[in-house]
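Here the sequence shown stands for residues -21 to -1, 1 to 140, numbered as in mature numbering (1 follows the signal peptide of the UniProt record, and there is no 0).
Heads up, the beta-carbon is just placed ideally off N, CA and C, and yes, glycines get one too.
Single-structure report; data block below.
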Amino acid sequence: MRKGVFLFFLFSFLFCLTAKGQDLISFKTYDELETYIKENTSKPLVINFWATWCAPCVKELPYFEKLNTENDKVKVIMVSLDFEKQLDSKLKPFLAKKKFTFTSLYLADKNYNNWLPKVDKNWSGSIPATLIINQDKKFFVEQDFSDYEELNAFVNQIVTK
């Protein structure tokens, strides 16, 4: 009986550890996010800007998750542009339910006209949008990807240049 109770608590504890979604890192300003990005360039970065209210964004999240787990040449960072008032009610529960392993960031800075040109001078602000940083070179696309193969081929073409 004692052994059964011990095993029950052990498995419950382990389940809680694995069921917890990845923590969300929040930034108030784009400058804070930019500092974080500059400190994480040991590999080429694939940075995707998305939101839970954007259907094409949500559709391609599994492609970025697969890229994160299968392409060890890059680090995948997902930057949510969700509404701040829905951070706890929508974004965090969504990420916890999906259990993604990519790095999840939240950018609260809604002063888009100031920071969009810092990402890319031609960015209209439409999402999904992806920025790839490979050493000192930046590559930006304002599009969604149709499947994992298209995303992976695009990323590999850039990081092998």
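- Distance from L24 to K54 at the Cβ level is roughly 5 Å; contact confirmed, criterion being Cβ atoms closer than 8 Å.
- Scanning its chain for C-beta atoms nearer than 6 Å, with the 5 sequence neighbours on each side dropped, one finds around F124 the residues E39, Y42 and L130, in chain order.
- If only complete runs of 3 or more residues are kept, the stretch 30 to 83 shows the beta strand (DSSP E) at 54 to 59, in order along the chain.
- DSSP places F133 in the helix class (H, G or I) of the three-state scheme.
- Counted as a single uninterrupted DSSP element, the alpha helix (DSSP H) harbouring K17 occupies residues Y9 to K17.
- T82 is classed as buried because its beta carbon has at least 16 other beta carbons within 10 Å across all chains shown.
- Secondary structure of L3 (DSSP, three-state): coil.
- For K89, no alpha helix (DSSP H) segment is defined, and its DSSP state is neither H nor E.
- Collapsing the DSSP output to three states places K116 in a strand.
- Looking at the backbone, the Cα of T48 and that of C33 are separated by about 23 Å.
- In this structure, K45 is the residue among D10, K45, I137 and L95 with its C-alpha nearest to the C-alpha of K78.
- In this structure, I56 keeps its C-beta atom at 8 Å or more from the C-beta atom of L74.
- One thing to note: L70 has its Cβ no nearer than 8 Å to the Cβ of I106.
- By the neighbour-count criterion, in which a residue is buried when 16 or more other Cβ atoms sit within 10 angstroms of its Cβ, A132 is exposed.
- Taking C-alpha positions only, N93 is separated from P35 by approximately 25 Å.
- Closest in C-alpha terms to T8, from the list V134, D126, E121 and Y91, comes Y91.
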